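Numbering (the numbering used here), first residue to last: 10 to 142.
Glycine residues also receive a C-beta, built at the ideal position from the N, C-alpha and C atoms.
Computed from a prediction, not measured in an experiment: that's the story for all the values here.
Below you'll find the structure, written out as structure tokens, and then a few comments.
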Amino acid sequence: MKVKAFLTLVLTGFFLSGAIAQTMSEEEIKERIMPVGKVKVAGAVDATAAPAGPRSGKDIYQAACTACHAVGVLGAPKTQVAADWQPRLDEKGFDQVWKNAVNGIGAMPAMGTCGDCSEDDIKSAIEYMIEGV
Ligand code: HEC
């Protein structure tokens with residue numbers, strides 16, 4: 010009787026460990042699948058964040074200038090608001106306004122803090138900001 014009980018215990022133990030091993034391997038499978046899904050999502054986001062070809066003025070504006078120029082932080086002329094831009098353009102002309110953005114003016118940091126912008130990138134961002142002005 011005792012041997013039978015022992016055997017039952019051992020067999021139950023085998024059965025249980027088998028069942029646990031199976032759930033663990035399912036967990037492992039889930040864990041292996043998850044990163045693949047995440048990588049795919051990250052890849053999709055990257056594809057839209059870095060479009061092929063040169064950046065448009067709007068791209069540069071949205072990356073570097075919108076923080077201040079959308080709502081006029083520190084008195085920044087607001088994007089596509091003629092009343093904010095026309096006096097500057099009338100007084101200085103486009104080239105001087107562009108030069109000031111490149112070198113910085115008042116509270117406006119040089120290049121609008123866009124570390125990887127060329128002077129031409131700044132120009133196209135300004136052209137986007139004064140569109141329709
Ligand atoms: C940290 C805030 C900030 C950021 C970021 C910023 N600007 Fe400005 N910008 C200002 C402020 C403030 C002024 C007004 C400066 C003044 O006239 O004293 C200004 C003025 C300007 C002017 C007018 C210059 C003139 O001579 O009247 C241009 C053009 C300009 N910014 C372009 C840009 C561009 C392009 C970017 C992005 C690449 C950018 N700014 C990012 C704050 C910012």
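Residue nearest to residue i in terms of C-alpha spacing, selected from the options
i	options	result
Gly-102	Gly-66, Val-80, Ile-135 and Ser-65	Ile-135
Gly-81	Asp-99, Met-138 and Asp-68	Met-138
Leu-83	Lys-132, Met-117, Cys-126 and Ala-14	Met-117
Gly-124	Gln-95, Pro-96 and Cys-74	Cys-74
Gln-95	Glu-140, Ala-76 and Glu-35	Glu-140
Where residue i sits in the DSSP three-state scheme
i	result
Ile-69	helix
Ala-76	helix
Gly-124	coil
Gly-84	helix
Val-142	coil
Alpha helix (DSSP H) segment containing residue i, residue limits
i	result
Met-117	First-last for Met-117: undefined, no H or E at that position.
Pro-96	91-101
Thr-132	Looking at the sequence itself, residue 132 is Lys, so the reference to Thr does not match. Where Lys-132 is concerned, the enclosing alpha helix (DSSP H) stretches over 128-138.
Residue i CB to nearest heavy atom of the ligand SAM below 7 Å
i	result
Pro-86	For the ligand SAM, the structure offers nothing, since it holds only the ligand HEC.
Assumed close pair residue i, residue j - CB separation to whole angstroms, cut-off 8 Å
i	j	result
Glu-128	Val-106	Not really, about 13 Å apart at Cβ, beyond 8 Å.
Ala-85	His-78	5 Å
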